[in-house]
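First comes the structure, then the notes that go with it.
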Amino acid sequence: MQTFILEGEYIPLIQLLKVTRVAQSGGEAQMLVEEGLVKVNGNLESRKRAKLRPGDIVELDNVKIKISNT
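Spelled out as structure tokens, the structure:
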């Protein structure tokens with residue numbers, strides 16, 4: 038599991054997918070969410086701009102990303 042250090046209050050889901058290089062572009066990130074391939078905290082997430090905060094865990098295929106503030 039990789040950890041993403043959050044510098045602000047939250048990060049939108051599609052932005053997280055881009056900055057962690059899970060998706061190569063914003064369009065690809067949106068497509069992954071639209072196709073129902075992304076889970077947040079174990080639940081399918083359909084909101085592209087879902088606000089992710091410390092403690093959230095994003096899953097896609099065999100990739101897991103934990104949001105942390107430290």
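All the letters of the sequence shown, read from the start, carry residue numbers 38 to 107 under the numbering used here. A virtual CB, placed ideally from N, CA and C, is assigned to each residue, including glycine.
Item, Value
"Does DSSP put residue 77 in a helix, in a strand, or in coil?", "strand"
"Rounding to the nearest angstrom, what Cα-Cα distance links residue 98 and residue 41 in this structure?", "17 Å"
"May I ask you to check if the CB of residue 65 is nearer than 7 Å to at least one heavy atom of the ligand SAH?", "Of ligands this structure carries none, so the ligand SAH is not represented either."
"Which residues bound the alpha helix (DSSP H) around residue 53?", "50-56"
"Any idea what DSSP makes of residue 95, helix, strand or coil?", "strand"
"Considering only their Cβ atoms, is the gap separating residue 66 from residue 76 smaller than 8 Å?", "no"
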